[in-house]
Amino acid sequence: MEPEPELSPHHAYPDHWEADVVLRDGGTARIRPITTDDAERLVSFYEQVSDESKYYRFFAPYPRLSDRDVHRFTHHDYVDRVGLAVTIGGEFIGTVRFDRINGQGRPASAPADEAEVAFLVQDAHQGRGVASALLEHIAAVARERGIRRFAAEVLPANNKMIKVFRDAGYTQRRSFEDGSVHLTLDLEPTEKSLAVQRGREQRAEARSVQRLLAPGSVAVIGTGRTPGGVGRTVLRNLLAAGFTGRTYAVNRAFDEGPATLDGVPAHRSLGEIDERVDLAVIAVPAHRVPEAVADCGEHGVQGLVVLSAGYAERGSAGRELQRELVRQARSYGMRIIGPNAFGIINTAESVRLNASLAPESPARGRIGLFTQSGAIGIALLSGLHRRGAGLSSFISAGNRADVSGNDFLQYSFEDPDTDVALLYLESLGNPRKFTRLARRTAALKPVVVVKGARHSGTNPPGHAVPVSRIPDATVSALMRQAGVIRVDTVTEMVDAGLLLAGQPLPAGPRVAILGNSESLGLLTYDACLAEGLRPRPPIDLTTAASPQDFKDALAEALADGSCDAVIVTAIPWVGENGEAETGDGEVLAAALHGAAAGSPAKPVAVVHVEIGGLAEALAAASSTAAPRTRPTTLAAQPSGASGAPTPTETAPQGAGEAEGGEPPVRPGRIPAYPAAERAVRAMAEAVKYAQWRRQAATPGKVPEFLDETTDEPGAAALIDTLLGPTPDPRGRTLAHDEARELLGRYGIPVRPTLPAPDPGAAVAAAARLGYPVALKTTAPHLRHRADLGGVRLDLADEDALRRAYGEFTELLGKPAELLPVVQSMAPRGVDTVVRASIDAAAGAVLSFGLAGAPSELLGDTGHRLVPVTDRDAAELIRSIKAAPVLFGWRGSAPVDTPALEELLLRLSRLVDDHPEVVSVALEPVVVAPHGLTVLGASVRLAPPPPRGDLGPRRLPNY
Numbered sequence: 001m002e003p004e005p006e007l008s009p010h011h012a013y014p015d016h017w018e019a020d021v022v023l024r025d026g027g028t029a030r031i032r033p034i035t036t037d038d039a040e041r042l043v044s045f046y047e048q049v050s051d052e053s054k055y056y057r058f059f060a061p062y063p064r065l066s067d068r069d070v071h072r073f074t075h076h077d078y079v080d081r082v083g084l085a086v087t088i089g090g091e092f093i094g095t096v097r098f099d100r101i102n103g104q105g106r107p108a109s110a111p112a113d114e115a116e117v118a119f120l121v122q123d124a125h126q127g128r129g130v131a132s133a134l135l136e137h138i139a140a141v142a143r144e145r146g147i148r149r150f151a152a153e154v155l156p157a158n159n160k161m162i163k164v165f166r167d168a169g170y171t172q173r174r175s176f177e178d179g180s181v182h183l184t185l186d187l188e189p190t191e192k193s194l195a196v197q198r199g200r201e202q203r204a205e206a207r208s209v210q211r212l213l214a215p216g217s218v219a220v221i222g223t224g225r226t227p228g229g230v231g232r233t234v235l236r237n238l239l240a241a242g243f244t245g246r247t248y249a250v251n252r253a254f255d256e257g258p259a260t261l262d263g264v265p266a267h268r269s270l271g272e273i274d275e276r277v278d279l280a281v282i283a284v285p286a287h288r289v290p291e292a293v294a295d296c297g298e299h300g301v302q303g304l305v306v307l308s309a310g311y312a313e314r315g316s317a318g319r320e321l322q323r324e325l326v327r328q329a330r331s332y333g334m335r336i337i338g339p340n341a342f343g344i345i346n347t348a349e350s351v352r353l354n355a356s357l358a359p360e361s362p363a364r365g366r367i368g369l370f371t372q373s374g375a376i377g378i379a380l381l382s383g384l385h386r387r388g389a390g391l392s393s394f395i396s397a398g399n400r401a402d403v404s405g406n407d408f409l410q411y412s413f414e415d416p417d418t419d420v421a422l423l424y425l426e427s428l429g430n431p432r433k434f435t436r437l438a439r440r441t442a443a444l445k446p447v448v449v450v451k452g453a454r455h456s457g458t459n460p461p462g463h464a465v466p467v468s469r470i471p472d473a474t475v476s477a478l479m480r481q482a483g484v485i486r487v488d489t490v491t492e493m494v495d496a497g498l499l500l501a502g503q504p505l506p507a508g509p510r511v512a513i514l515g516n517s518e519s520l521g522l523l524t525y526d527a528c529l530a531e532g533l534r535p536r537p538p539i540d541l542t543t544a545a546s547p548q549d550f551k552d553a554l555a556e557a558l559a560d561g562s563c564d565a566v567i568v569t570a571i572p573w574v575g576e577n578g579e580a581e582t583g584d585g586e587v588l589a590a591a592l593h594g595a596a597a598g599s600p601a602k603p604v605a606v607v608h609v610e611i612g613g614l615a616e617a618l619a620a621a622s623s624t625a626a627p628r629t630r631p632t633t634l635a636a637q638p639s640g641a642s643g644a645p646t647p648t649e650t651a652p653q654g655a656g657e658a659e660g661g662e663p664p665v666r667p668g669r670i671p672a673y674p675a676a677e678r679a680v681r682a683m684a685e686a687v688k689y690a691q692w693r694r695q696a697a698t699p700g701k702v703p704e705f706l707d708e709t710t711d712e713p714g715a716a717a718l719i720d721t722l723l724g725p726t727p728d729p730r731g732r733t734l735a736h737d738e739a740r741e742l743l744g745r746y747g748i749p750v751r752p753t754l755p756a757p758d759p760g761a762a763v764a765a766a767a768r769l770g771y772p773v774a775l776k777t778t779a780p781h782l783r784h785r786a787d788l789g790g791v792r793l794d795l796a797d798e799d800a801l802r803r804a805y806g807e808f809t810e811l812l813g814k815p816a817e818l819l820p821v822v823q824s825m826a827p828r829g830v831d832t833v834v835r836a837s838i839d840a841a842a843g844a845v846l847s848f849g850l851a852g853a854p855s856e857l858l859g860d861t862g863h864r865l866v867p868v869t870d871r872d873a874a875e876l877i878r879s880i881k882a883a884p885v886l887f888g889w890r891g892s893a894p895v896d897t898p899a900l901e902e903l904l905l906r907l908s909r910l911v912d913d914h915p916e917v918v919s920v921a922l923e924p925v926v927v928a929p930h931g932l933t934v935l936g937a938s939v940r941l942a943p944p945p946p947r948g949d950l951g952p953r954r955l956p957n958y
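Taking my numbering, the leading residue of the sequence shown gets 1, the next gets one more, and so forth.
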């Protein structure tokens with residue numbers, strides 16, 4: 001055997017390889033490099049592996065590891081020999097190792113780019129996805145160390161390991177040699193490997209939340225012996241909701257021996273309970289939480305809801321306590337909701353879980369609710385209950401140190417009991433992942449979000465996550481791109497949620513308005529116009545209209561092919577005795593339900609004023625209805641690259657059309673609103689979402705011409721040269737000619753400029769470029785400021801140029817201060833600005849607007865996440881309010897928007913291919929009726945920020 005080289009001091013322990021992962025069954029584990037201190041753990045691990053698994057690993061009976069084996073498997077240089085272990089509770093449950101080899105299969109060092117890899121997983125943990133997670137992480141480590149291929153020898157009978165390699169999605173080759181299967185895997189990520197990775201991530205994270213929401217048994221730790229207190233309140237709520245599992249009260253202050261509390265077994269610790277507890281609700285002071293967590297971990301608890309406060313919301317010391325809490329829980333394979341949480345609710349008939357401080361469990365319904373604020377959670381539960389709406393699930397995550405809105409989206413995506421996901425968020429720990437998950441979920445069911453703390457620039461107390469510096473308007477645009485319904489208030493969220501959960505999606509923006517009040521109809525009409533809908537003239541049924549008149553009018557409107565939705569307005573009607581009838585809401589509700597039930601599936605909303613019982617009667621119809629299907633076809637989903645379901649993923653039941661082509665079942669619940677503006681705003685959100693769904697069914701694509709006209713290798717080589725062998729971590733701004741060369745590699749020509757330090761140099765530059773020319777200053781305070789005299793245009797000859805130069809320096813300063821340049825004139829058109837920037841949290845963002853006041857003063861700028869498709873580029877141009885200027889506003893000539901779309905696609909491709917390009921500003925881009933001209937460009941390079949979304953699966957550590 002080749003002698004083992006000593007560990008190089010340049011290859012210190014790579015702590016960035018450590019990661020917490022969610023396994024297939026929803027439990028967590030830790031992946032970390034194996035060290036010299038792991039000898040005893042390795043021996044103990046190996047003793048628990050079956051003889052069969054040992055045989056598959058070593059191709060021969062191998063009952064125990066020799067001292068030489070232990071030394072070899074625990075001593076690594078972290079470059080040519082690397083070992084990783086999966087641990088739970090500090091003990092190994094799986095290992096993987098690679099050794100770099102040369103073409104003859106012998107140990108080697110760089111530049112050899114192949115390695116032999118081998119896995120071993122404890123039998124008790126096989127089937128949990130341990131080997132798949134290890135393969136993702138060891139492949140990422142190998143790529144980091146310059147290894148491009150893995151070679152593996154597997155016995156033909158080892159079907160589980162062969163399946164791990166086969167299903168990974170990497171390009172592979174297979175042969176049969178000397179009685180074993182020889183596999184070679186190319187480690188470059190592929191579209192398939194990324195889709196496999198994200199599919200596994202979705203299933204694992206969804207399962208981890210499902211385990212929390214549907215436990216077979218619950219223990220409330222910290223239940224007081226006297227009424228009152230947090231723990232006793234949760235216990236009371238669990239019992240009142242009729243939880244179908246077993247419930248236990250735990251408090252170390254209880255007396256020894258058998259006891260009960262509120263009719264449930266009471267114990268001093270989890271060790272006294274005869275069964276393994278699935279979920280623990282911790283309601284003890286913060287300084288006692290570690291003891292409770294350890295008790296849970298040692299007795300196999302699967303998940304925790306930590307109600308205790310005193311963590312990151314209290315400052316830096318509390319933040320460290322919170323991090324230690326997460327580390328401790330994950331070390332035992334448990335996930336956490338909280339700390340400082342309000343609790344969780346699951347209304348499914350088979351569960352009936354209310355492990356929260358909410359005194360009354362909500363009715364069963366079709367809405368899933370996630371909130372990062374207990375106070376907002378209380379308000380939302382109260383508002384939904386007041387309006388007769390039910391919930392499928394509720395999570396109030398508090399400081400959301402572990403389980404987050406991203407996890408909730410993973411769960412909601414496949415939950416058959418949830419039709420609409422509502423989220424109140426105060427921070428986004430991973431905006432890039434959030435938009436990816438939201439896009440996929442929104443392709444099947446609506447996602448409605450309220451974002452708190454929008455303008456503070458910091459995270460709320462307790463939220464220890466990276467702070468994104470992108471403006472809130474950009475966040476909103478990116479959410480819209482992902483199909484998220486972004487609203488401003490929790491009231492609007494409830495309004496939209498009620499409509500989306502109870503009504504089908506509208507086929508378009510045409511709205512019929514009918515009712516017994518002309519004034520209320522006109523208010524509704526005006527509100528529709530303000531929201532961009534296309535209302536028909538209101539139908540006035542007069543104040544004498546009866547419920548039957550409403551029924552007939554609604555049935556007629558729903559049957560009319562020229563409308564896509566109906567808004568009914570109602571005030572108390574006049575009875576036979578001439579008095580207003582205010583208490584017959586049930587009668588009107590029955591009439592409206594009757595009309596809707598027998599008509600084509602179109603959304604209906606009701607605006608009412610002082611009609612007693614109407615909202616309740618409209619809401620009472622189907623809050624516990626079975627899963628429904630919607631008329632919007634979902635046969636073709638967005639591609640896996642955009643975060644939508646891939647062919648390997650199964651859409652949740654009830655998300656598409658009815659099986660066998662049957663018409664969708666019409667829901668019976670009609671939402672009611674006390675104001676026209678609220679009903680119309682909810683309907684407008686439904687219209688925009690439905691339009692996004694229809695477009696998402698046929699995803700955009702990146703045109704093939706970009707592959708033919710871009711020089712990716714040349715750009716990469718140029719970037720390496722410009723950054724140098726030891727790049728400055730702060731980055732550098734490229735000179736004009738450097739920026740022109742880099743952009744030119746991607747087919748983005750920038751009109752050249754020549755320096756003009758004196759009038760003679762300006763004349764010589766103009767002679768070289770050709771008249772007419774422009775004279776500009778490049779001084780930062782005057783750049784692009786024609787209004788301040790920093791730009792002189794259409795200088796047709798030498799005299800005009802010399803005269804302009806003289807005026808230039810006389811008014812604005814010396815040439816050394818102005819740094820003037822000369823540039824040839826571009827065809828007339830509309831001045832625009834195109835930018836791309838990298839946000840550490842959100843990723844690369846492409847922005848577009850008109851130059852000058854529209855974008856700088858009014859903030860009229862559109863944004864899209866990179867990479868953009870042809871559809872994204874077209875929508876980005878049309879998303880700004882000033883877009884009509886590009887399309888012939890007031891008789892002007894329309895400009896060449898296809899050329900502008902191509903420019904956006906090329907710039908998107910550049911920053912997506914080369915993460916070292918952290919900022920690009922093209923200003924101005926003059927778009928003419930035929931073609932466009934980029935007159936100015938600024939490019940900044942820096943060492944690429946980490947891209948966690950492209951690496952192996954891992955839970956965040958905040």
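By construction, the Cβ of each residue, glycine as well, lies at the ideal position given by its N, Cα and C atoms.
Please state if the CB of residue j and the CB of residue i are separated by a distance shorter than 8 Å.
i: Asn430; j: Ser393; result: no
i: Gly368; j: Ser412; result: yes
i: Val934; j: Pro749; result: yes
i: Val833; j: Pro924; result: yes
i: Ala204; j: Arg24; result: yes
i: Ala118; j: Ala151; result: no
i: Gly310; j: Phe342; result: no
i: Thr371; j: Leu357; result: no
i: Leu850; j: Val821; result: no
i: Leu134; j: Gly83; result: no
i: Leu422; j: Met479; result: no
i: Val196; j: Asp167; result: yes
Can you find the residues in the same chain that come closer than 6 Å, C-beta to C-beta, to residue i, ignoring five residues on each side of it along the sequence?
i: Ala874; result: Glu901
i: Ala596; result: Val604
i: Pro827; result: Ala928
Would a check of beta-carbon distances place residue i closer than 8 Å to chain C?
i: Val763; result: This model lacks chain C altogether; it includes just one protein chain.
For residue i, which of helix, strand or coil comes out of DSSP?
i: Thr832; result: strand
i: His267; result: strand
i: Asp963; result: Given a span of 1 to 958 for the chain in the structure shown, any question on residue 963 remains unanswerable.
i: Glu916; result: coil
i: Arg953; result: coil
i: Gly515; result: strand
i: Tyr771; result: coil
i: Val609; result: coil
Given residue i, which residues of its chain have a CB within under 7 Å of its CB, disregarding the five upstream and five downstream residues?
i: Thr244; result: Ser350, Val351 and Arg352
i: Tyr170; result: Leu185, Asp186, Leu187, Thr190 and Ser193
Whole runs of the beta strand (DSSP E) within the stretch 15-95, excluding any shorter than 3 residues: Here the runs fully enclosed are 19-22, 28-33 and 81-88.
What are the start and end residues of each continuous beta strand (DSSP E) run of 3 or more residues lying completely inside the stretch 300-362, in chain order? DSSP runs (the beta strand (DSSP E)) wholly in the stretch 300-362: 303-306, 335-337, 343-346 and 353-356.
List, from N- to C-terminal side, the beta strand (DSSP E) runs of 3 residues or more that fit wholly inside the stretch 357-442. DSSP runs (the beta strand (DSSP E)) wholly in the stretch 357-442: 364-371, 391-396 and 420-425.
Could you check whether the stretch 210-223 touches the stretch 340-359, counting it as contact only if at least three pairs of C-beta atoms, one from each stretch, sit closer than 8 Å? Yes, since at least three Cβ pairs between the stretch 210-223 and the stretch 340-359 fall closer than 8 Å, the two stretches touch.
Counting only runs of 3+ residues fully inside the stretch 777-829, write out the beta strand (DSSP E) ranges in chain order. 791-795 and 820-824, all fully within the stretch 777-829.
Given 8 Å as the limit, is there contact between the stretch 85-94 and the stretch 49-64, that is, 3 or more CB pairs closer than that? Short answer: they don't touch.
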